[in-house]
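Keeping their order, the protein sequence lines are chains A, B and C. The opening position of the first sequence corresponds to residue 1 in my numbering, with each subsequent residue numbered one higher. The opening position of the second sequence corresponds to residue 1 in my numbering, with each subsequent residue numbered one higher. The opening position of the third sequence corresponds to residue 1 in my numbering, with each subsequent residue numbered one higher. Glycine included, every Cβ here is placed at the ideal spot set by N, Cα and C. Below: one structure, written as structure tokens.
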Amino acid sequence: MREKLHPFHITLLVFMIQQGVVVFSLPRLLALHMGYNGWIALFAYWGITTLNIMLISIVYRLCDGQSIFHIIEQSLPKIVVIPLYSFMILVWTLIGCMAAKQYVIIYQVFVFPTTHPMFMKFVVDVLAFILVIKGIYNISKAVTSFFWLVIWTVLLLLFFIKGFNWVDLTPFFFHEASEPLIGSLNIYTAFLGYELVLLLFPYSEKGKRFMKAVHIGNLFTALTYIAIAFICFGFYSFNQLKRMKYPVIDLLAYIELPFVERIENLIFGIYIFTALIGVVMYCWAAIETTQRIIPKAHSNWLSAIIIATAFAISWIPKVLSEVEKWLQYLGYMEIGIAWGLPLILIFILLFKKRRDESCIERSES
Amino acid sequence: MYRTQRVIMITVIIMILSGCGDQRILEKLGFTQTTSYDLAPDDEQSTSTEDQSKKKLIISVSIPRPDTDGGNKSREVLTAIAYTSKEGKIKLSRQTELMVVSGQLRNALFGLSLAKQGIWEHIDTLVRDTSISPRVKVTIVNGSAHELLAKDYPRHPRTGQYLDRMLEKEAGSQTIPEITLYQFTKDYLDDGIDPVAPIIKKTEEHIQLDGIALFQNDQYVTKIGPDQALTFAFLRGNFKQGEMSIDLSDVGRNDEHIMFSSMISQRSVKIKTGSGSNQYRADINIKITGSVQEYIGERSLDQDKDRKKLESLIAEYIKLKAEEMVAMMQKNQVDSIGLGKYVRKELGYERWKSTDWYDVYQNIEVKCHVKIHIKDYGKFVNKSE
Amino acid sequence: MKDSQPLNSSTKNNPTYVDENSQSYDESDIVPSLEHTLDNFKDCIDLTHRTFPHINVNLVYFDHLIGSDELARDVIIPLSQVREYEVQSLLKRSQYQLATDSKTVIKGILNGDVAIFYKDLTYLISIYKPESRSIQQSETETVITGPHDSFIEVAMSNLSLIRRRLKSSHLKVLKLQVGEVAKSDVYILYIDGIANMDYVQQLVKRIELIEVDAIHDGNMLIQYIDDFPNSIFPLFSTTERTDSAISKLVAGRILGILDGSPSVFSAPASFFEFFASPDDYYQRWAIGTATRVLRFIALFITLSFTALYVSVTTFHYEMIPEALLLTITESRSRVPFPPIYEALLMEVTIELLREAGARLPTKIGQTIGIVGGIVIGQAAVQAGLTSNILIIAVASSAIASFVIPSYVMSASIRLIRFSLIILAGTLGDLGIAMGTAYIIIHLSGLTSLNSSYITPVAPNNFDDWRDVFIRAPFWALRNRPSQSKTPNVIKNKMKK
């Protein structure tokens, strides 16, 4: 639409893209790979992602809010651009759909164990398609509504203050961490999502508040993760936490209200919104990129093809462990894109600036 | 665009309607509310030493049924003998027309013989099952769990419900700790504490609370009698609500009794490390506030002097009992109150891992320091002199 | 009152519309004459033709459209007292307008004018005063305290109700026409300086593009100018109450009155507007807030209660707390159908009852409602067709749906409820989540007159939340809603 995205909605958008399926096993991953009191590592993650976002904000300042595609296409030859775009399209399409598939499969561990997962995935993809074709402005409106529906669940954490025990946190820090390097990359995927902000440059209101909004969104994600992980580390003993596959779902299962119990099925169902936003935004990014290669394609049909392709490819991994492996590799590639793309853009922009300056010098002399 | 959207919607509707499997329609289910695990008695089949380790289990489940004829006690008890609990479940479901599900499980009972052998395997199965709530209570039965469960107790509601409510009520007044799957797993997997569980036994007409079972890892070692349960509560953590009857003859005042109730207790543990053979010393500080509801004795409660004296007497009594209990636990090598956690806090990681905690635990010097504060003493004043 | 917009004329000769203008010759050139006029109104027996033979004056009018007192006073008496040579000067007075072509004459007669034919001159005098309902309380929108007068079918009377409350020359009224055959008048009202002119122009443009035979009601009109006619949600807000209409004007919205309909519509509308009632402002803010919160709870209940019941009894039995478990199982044990069929059966029954109750005259309707509800409910439970817990769930959902002040919105919500129940019966909690996701996605794409339908949630404006989700005290409500994009934001300048 012709209206621009307000910074508040950008914050919520970043937050919702980052939230995903990983948060359910995050405390276990932290316990496994970061050891005792692993939740403290989340602060470091926040720092690293902030650095990445600062790179993006440098790009924003240098290019003055232009579309990044414009910049890339201006400076790099087509031979480089097309494979680069294809890579990005591939990774983005797959990562969104694989995350949705993981969500569906995890849901099936708890309910509907014999229904075919692709069936539910189909419905998720259809919902994603309907949302994607409405354009980024309407997507952000939907994201805002979803946010308000999801955020109140954080208040449920208050329920656990009674059972929380400081001494259970143990005074050890980071002992018994296994595979910290690979593990830390896996944990990093929980923070991915902010890099899509690069594509939002032309759609948002100009000004400094844009990047500030992204920082706030990231901070909010980090705080939520820290709160959840902190409670988990104090509520469960260390070895227990290492053995629970989805500690957050277990937390939800523990809550008992007078008129309903075991709300984890209901709440986990609500988290489909976050998985949906992941699919939608990554597919939207893929569609935007594809439109730069094939400008004449009708955007609705393009979206349908991309989502259908992703759906077809997500048939391939059938078991949870396979999906996790796919996501692991896709995650690495996405981390590469998150760091690589801004760096490339910075080089291009600096190079261009220098070239423009030398042109001006030559024309003046 | 709307045409496409409509086509999609129709497809979705068709597909949704075709995926109606996995239903769990309420009235077709048999909810197990209580299950019990026992070791099967030896029989001729298991004579060889190989079979000895693969003992069979007796598994019973109690399924409440809606009343069709006005009473409130109808339920179904199914029993099966199998090697594992899940195998048992399959055998059980052959005995009923309902689909046996465990999502509403409230209570897991373990017979004493099984508890002595170790119950972790079964707890593991229960924790692994996604439909079972982490709030399922874990209870040990002094005797055969199956017999306790199968019996109907007159003048009480359905056995499962009776048991459940009784355990909840007792946990509320601190005579037993509230042990759930979550709590048991947490303590079992933590190297600084050993799990505990309530223990019950069957009498002619009732189910009776028999105290607290103490475990080392997952094996039953010994128990604390119901009279001393409150002392255990003092040592284990903070609590509100509990009452204790104190016989002051143990501290030198014969024929004096006090009933101390509405207690609010706070406990803190400090560990001092030293060198030499008696390396560690634990100081357990307990602060209790409560009201006196019954006092049989010579002093008068409304005199400050007398009240202070009573407070110190009570403190001495509790200190005596607490130190006795800790000594008993040390002898049995069960760290049920979690001293290990505090010692762990004092040592660093390497020292803790290299310490054989059970060894050290036996020799730790533990001192309890108790402070009592009598909040009020009812609405009847002594004769003024 | 002058026309400030060109009259609606059809620009293309569409043969499907009965177009009075597409005669074999163009009316605008014809000099009006008595014969021609009478010929046009052939077979209209309700047309009155009076002559004054002594002065050679003919009157043609519709007797039921004019006020007889005015007729006597302005036409009959002057004409009967005058001699022939004075007729001309009499007719030069300002209330008699000279008509230059036949089309105007015919139009005038249809609009309640009296056509006066003298020699070859034709004059029109407007004395439109039809019979109409008196101003009474609206049946569909009632409040406990507050003004009770509401709009009626005569547009002039409605305009009068508004003008006497908004005494400002900034209140502008535009006149348009819709309906090829009906030629009903539509009046657009807005306050100059507060309303955003883009919206006014959009609205006028859309109304001008309508080409149908007749539009009977304001609710029908808004469906023709909708952004999204296929959506289930109403995109314009309608009201029959004067105070509502005025508050919308002051908020910066545009009002539309259709002659012949008591429903007045306003644009742009937001989803949350349908959950506000004038009552909220006439009571103290704490009570107003509590009522608003209650309405949103009612929205939640009506959408989810039955669906959750179906989902829990079909898939998620572990969510039931122990105390309720046996009660629910017992009540379900006698029912032969799975929960979803049971639920749909009861829901359809309730809808039938409601619809039947709406059609019947009040006295019978109430009896049927009570008797039907109680008897059917009880009998169904006793026969073992449904469980009593379900009856409670369905009844509470139905009652909660009536808490929503706007009738059209509550009808939409009731329909959504059905689809959520079906989803719950097939996919359990996940189905409910997906259904909710679809509703939100749909709502996010809706616009009312090109402004977002779910303002102030998105685009976000926390200030507006004070008047949407709660009812803040008046000293805190300082600005107009952001949706109206008004140039003049502050409405309350008081210090405290």
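Give a yes or no on whether the C-beta atoms belonging to residue i and residue j are separated by under 7 Å.
i	j	result
Ala-253 (chain A)	His-33 (chain A)	no
Ser-270 (chain C)	Ala-142 (chain A)	no
Val-150 (chain A)	Phe-273 (chain A)	yes
Can you look up residue i in the DSSP assignment and give me helix, strand or coil?
i	result
Met-1 (chain A)	Any reading at Met-1 (chain A) is ruled out, since the residue's pLDDT is 42, under 50, leaving its predicted position unreliable.
Ile-34 (chain B)	At residue 34 (chain B) the sequence reads Thr, which differs from the Ile that was named. The answer is strand: DSSP assigns Thr-34 (chain B) an E or B state.
Lys-485 (chain C)	coil
Arg-379 (chain A)	The requested residue 379 (chain A) does not occur in the structure, where chain A is confined to residues 1 to 365.
Glu-298 (chain B)	coil
Asn-254 (chain B)	coil
Ile-63 (chain B)	strand
Val-123 (chain A)	helix
Ser-46 (chain B)	Because Ser-46 (chain B) sits at a pLDDT of 39, beneath the cut-off of 50, its placement in the model cannot be relied upon, and the following sentence gives the value as read from the coordinates. Helix at Ser-46 (chain B).
Met-328 (chain B)	helix
Assign residue i to buried or exposed, taking buried as 16 or more other Cβ atoms, counted over all protein chains shown, within 10 Å of its Cβ.
i	result
Leu-127 (chain A)	buried
Glu-240 (chain C)	buried
Lys-137 (chain B)	buried
Gln-104 (chain B)	buried
Tyr-85 (chain C)	exposed
Leu-158 (chain A)	exposed
Pro-262 (chain C)	buried
Lys-367 (chain B)	exposed
Tyr-60 (chain A)	buried
Thr-49 (chain B)	Because the pLDDT at Thr-49 (chain B) is just 40, under 50, the model does not fix this residue reliably, and the point stays unresolved.
Tyr-295 (chain B)	buried
Ser-138 (chain C)	buried
Gln-541 (chain C)	With chain C running from 1 to 496 in the structure shown, residue 541 (chain C) is simply not present.
Phe-300 (chain C)	exposed
Leu-114 (chain B)	buried
Ala-72 (chain C)	exposed
Asp-243 (chain C)	buried
Could you work out which residues of chain C lie near residue i, taking near to mean beta carbons separated by less than 9 Å?
i	result
Phe-239 (chain B)	Ordered by position in chain C, no residue passes the 9 Å Cβ test against Phe-239 (chain B), which lies about 24 Å from the chain.
Tyr-107 (chain A)	Leu-430
List the residues of chain C that residue i touches, going by C-beta distances under 8 Å, in chain order.
i	result
Ile-25 (chain B)	Thr-313, Thr-314, Pro-338, Pro-339
Gly-172 (chain B)	Simply none; closest approach about 16 Å.
Ser-268 (chain B)	The premise fails here: Ser-268 (chain B) is roughly 36 Å from chain C at the closest Cβ pair, so nothing lies under 8 Å.
Ser-133 (chain B)	Glu-318
What is the rounded straight-line gap between the Cα of residue i and the Cα of residue j?
i	j	result
Gly-179 (chain C)	Gly-377 (chain C)	47 Å
Ser-331 (chain C)	Ser-387 (chain C)	5 Å
Lys-175 (chain C)	Gly-135 (chain A)	37 Å
Ser-68 (chain C)	Gly-112 (chain C)	12 Å
Ser-22 (chain C)	Ile-89 (chain A)	Only weak support exists for where Ser-22 (chain C) lies, its pLDDT of 45 falling under 50; the value from the coordinates is given anyway. Roughly 60 Å between the two C-alpha positions.
Phe-402 (chain C)	Ser-410 (chain C)	7 Å
Gly-428 (chain C)	Glu-264 (chain A)	13 Å
Pro-134 (chain B)	Ser-451 (chain C)	49 Å
Ile-81 (chain B)	Gln-183 (chain B)	28 Å
Leu-171 (chain C)	Ile-348 (chain A)	58 Å
Lys-167 (chain C)	Leu-223 (chain A)	55 Å
Counting only Cβ pairs nearer than 9 Å, list the residues of chain B close to residue i.
i	result
Thr-329 (chain C)	Leu-26, Glu-27, Leu-29, Phe-31, Pro-64, Arg-65, Pro-66
Glu-322 (chain C)	Gln-33, Gln-104, Arg-106, Gln-161, Asp-164
Whose Cβ in chain B lies nearer than 7 Å to the Cβ of residue i?
i	result
Ser-333 (chain C)	Glu-27, Pro-66
Name the chain A residues whose beta carbon is nearer than 9 Å to that of residue i?
i	result
Val-457 (chain C)	Lys-141, Thr-144, Ser-145, Trp-148
Using a cut-off of 7 Å between C-beta atoms, extract the partners of residue i located in chain A.
i	result
Ala-433 (chain C)	Gly-269, Ile-270, Ile-272
Run through chain A and tell me which residues come within less than 8 Å of residue i, C-beta to C-beta.
i	result
Thr-130 (chain B)	Val-109, Phe-110
Ala-437 (chain C)	Leu-127, Phe-146, Ile-272, Phe-273, Leu-276
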